[in-house]
Ligand SMILES: [Zn+2]
């Protein structure tokens, strides 16, 4: 998956894979297909590299949106905020994609923590004013370059997320830890406690 590959065939293959997911999702009644958009050219070393990556990924998303529209599908495509600093997908880039293409989005809070080393909830609310949020969450191990791996969520991390998420939105949280079922049950318990 890379909407910014130097090889045009790889970009096309990525779009075909996402569209295939949309086709199946549409039949299943799924609302959203989440994907990792791609890698920066040259590891995103310069602002120019990052801007060119943005434009190429935006073009790819627009191509897919045109096709989804032509087929009259209701399903939405959602690029995800990414956890590694050399991978496309900062909160600013994903927010800009929504504004400029009308695509949907997935906010992965573990990825944001790994990439930014902190989560600024108010800033995220300003960047994503939409009423409906699709959210990924888990514990995460990270270093200077961002995400290393997902890990089981600690109670305190659940509490912090659930307390800080906006209260006036429709939010779906998908847990992505290696122990996702137990983790989700834990999260639900904590949600009931603090409500
Ligand atoms: Zn995720």
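In our numbering, the protein residues as written are 1 to 195. Ideal Cβ placement from N, Cα and C applies to all residues, glycine included.
Is the beta carbon of residue j closer than 8 Å to that of residue i?
i           : j           : result
residue 39  : residue 72  : no
residue 20  : residue 75  : no
residue 176 : residue 138 : yes
residue 197 : residue 98  : Outside the shown range of the chain (1 to 195) lies residue 197, about which nothing can therefore be said.
residue 15  : residue 83  : no
residue 161 : residue 109 : yes
residue 165 : residue 140 : no
residue 101 : residue 89  : no
residue 68  : residue 22  : yes
residue 86  : residue 10  : no
residue 152 : residue 129 : no
residue 135 : residue 94  : no
residue 198 : residue 119 : Because residue 198 is not part of the residues shown, which for the chain are 1 to 195, the question remains open.
residue 33  : residue 25  : yes
Can you tell me where the alpha helix (DSSP H) holding residue i begins and where it ends?
i           : result
residue 184 : 180–194
residue 15  : 8–28
residue 160 : 155–164
residue 125 : 121–127
residue 113 : 109–116
In or out: residue i buried (at least 16 other Cβ within 10 Å) or exposed?
i           : result
residue 92  : exposed
residue 44  : buried
residue 17  : exposed
residue 79  : buried
residue 77  : buried
residue 147 : buried
residue 187 : buried
residue 53  : buried
For residue i, list the residues DSSP reports as bridge partners.
i           : result
residue 77  : 33
residue 103 : Residue 103 is not bridged to any residue.
residue 175 : 137
residue 84  : 146
residue 132 : 170
residue 92  : None; residue 92 has no bridge partner.
residue 39  : 87
residue 66  : Beta-bridge pairing links residue 66 to no other residue.
Under DSSP, the beta strand (DSSP E) around residue i begins and ends at which residues?
i           : result
residue 142 : 139–143
residue 44  : First-last for residue 44: undefined, no H or E at that position.
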